[in-house]
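For the sequence shown, the numbering used here assigns the number 80 to the initial residue and increments by one for each residue that follows.
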Amino acid sequence: MNITGSIPLVNKLDFNFRATLDPYALDNNNQRVDQFNINNGGSLFRLTAGNISINYSFSSRDFKGKEKDDFNTETFRNGGRPDDLFGDSTPINDRSKYEDDEAASKSDFNWYNFSIPWDFRMAYTITYNNFSRQNEISSQSIMFSSNVEFSPKWKVGISPGYDFKNKGITLTQFRFQRDLESWRLSFNWTPIGATNTSWYMFIGIKSSMLSDIKYEKRREPDKRL
Numbered sequence: 080m081n082i083t084g085s086i087p088l089v090n091k092l093d094f095n096f097r098a099t100l101d102p103y104a105l106d107n108n109n110q111r112v113d114q115f116n117i118n119n120g121g122s123l124f125r126l127t128a129g130n131i132s133i134n135y136s137f138s139s140r141d142f143k144g145k146e147k148d149d150f151n152t153e154t155f156r157n158g159g160r161p162d163d164l165f166g167d168s169t170p171i172n173d174r175s176k177y178e179d180d181e182a183a184s185k186s187d188f189n190w191y192n193f194s195i196p197w198d199f200r201m202a203y204t205i206t207y208n209n210f211s212r213q214n215e216i217s218s219q220s221i222m223f224s225s226n227v228e229f230s231p232k233w234k235v236g237i238s239p240g241y242d243f244k245n246k247g248i249t250l251t252q253f254r255f256q257r258d259l260e261s262w263r264l265s266f267n268w269t270p271i272g273a274t275n276t277s278w279y280m281f282i283g284i285k286s287s288m289l290s291d292i293k294y295e296k297r298r299e300p301d302k303r304l
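Take a look at the structure:
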């Protein structure tokens with residue numbers, strides 16, 4: 080029996096869990112037998128596997144101020160229109176509206192002075208295995224992922240991580256994407272990996288109807304004797 084769930088702790092921070100329960104018992108050779116675990120002197124279920132992950136993400140959009148409300152709340156509450164049916168009634172020489180916009184712009188500038196869009200994600204995972212009474216933490220790692228749009232057509236990303244179980248860096252990947260109007264170019268490079276390093280290049284048409292028109296090239300795996 081599998082149990083999964085997700086709990087949003089705070090804004091953009093999620094706690095996910097998964098567990099596998101087995102009602103059957105194990106013999107002396109750690110093999111499942113046709114007997115309930117509770118009848119063999121154990122609990123109702125055996126926890127055979129479990130996983131916990133904590134995910135957190137934020138981006139440059141989180142540092143931008145909220146848009147100002149344009150309509151008069153009191154007028155709308157009294158049955159009036161939230162907009163001006165006959166146009167803007169503000170006098171032509173009234174600069175209060177422009178001064179408010181300038182003040183809001185300066186306020187956003189003080190809090191966030193970086194116009195390049197970016198995003199950042201972090202995930203911590205831990206996995207527990209107990210299928211054959213090994214009772215061990217099989218994996219424990221923390222992973223990061225970030226993307227930066229240096230221009231409207233250029234996007235760069237990186238995904239590193241660290242494995243606490245094996246005490247080493249996990250699979251690390253660099254991503255490069257270029258928007259070529261009707262075409263798309265991407266290049267993925269994995270300089271650090273558990274087995275072989277690799278790279279992959281793709282260029283193709285964006286349209287799904289012409290998706291077969293493409294060129295792909297990847298690094299061949301290392302030959303082993």
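For every residue, glycine included, the Cβ atom is placed at its ideal position computed from N, Cα and C.
- Burial is judged here by how many other beta carbons sit within 10 angstroms of a residue's own beta carbon; Q252 has at least 16 and is buried.
- Excluding five sequence positions before and after N119, the CB atoms of its chain that fall closer than 7 Å to its own CB belong to A104, given in chain order.
- In the structure shown, R200 adopts extended strand secondary structure according to DSSP, grouped into three states.
- Only residues of its own chain outside the window of five on either side were considered, and among them I284, K285, S286 have a CB closer than 8 Å to the CB of S261, listed in chain order.
- The Cβ atoms of F223 and F243 do not sit closer than 9 Å to each other.
- For I216, the secondary structure class from DSSP, reduced to helix, strand or coil, is strand.
- In the assembly as shown, G240 is a buried residue. Its beta-carbon has 16 or more other beta-carbons within 10 Å.
- D258 and L264 have their alpha carbons spaced roughly 6 Å apart.
- Cα atoms of K143 and I82: separation of roughly 38 Å, rounded to the nearest angstrom.
- A Cβ-Cβ separation of about 5 Å places N209 in contact with T127 under the 8 Å criterion.
- Contact check for P196 against R140 passes: the beta carbons are separated by less than 9 Å.
- Under the 10 Å beta carbon count, R298 is surrounded by fewer than 16 other beta carbons and is classified as exposed.
- Looking at the DSSP output, F115 sits in a beta bridge with Y103.
- A distance below 8 Å between beta-carbons, with the five flanking residues on each side excluded, links S122 to the following residues of its chain, in chain order: N116.
- A residue is called buried when at least 16 other Cβ atoms come within 10 angstroms of its Cβ; R212 does not meet this threshold and is exposed.
- Around K296, the same chain offers M280 as residues with beta carbons nearer than 7 Å, after the five sequence neighbours per side are excluded.
- DSSP places M80 in the coil class of the three-state scheme, outside both helix and strand.
- DSSP places D141 within a helical segment (H, G or I) once states are collapsed to three.
- Burial check for Y294: the Cβ neighbour count within 10 Å stays below 16, so the residue is exposed.
- In this structure, Y203 sits near I221, with a CB-CB distance shorter than 9 Å.
- Per DSSP, the unbroken beta strand (DSSP E) holding R257 starts and ends at 251-259.
- Distance check between R254 and each of V89, Y207, Y135, W278 places W278 closest, using alpha-carbon atoms only.
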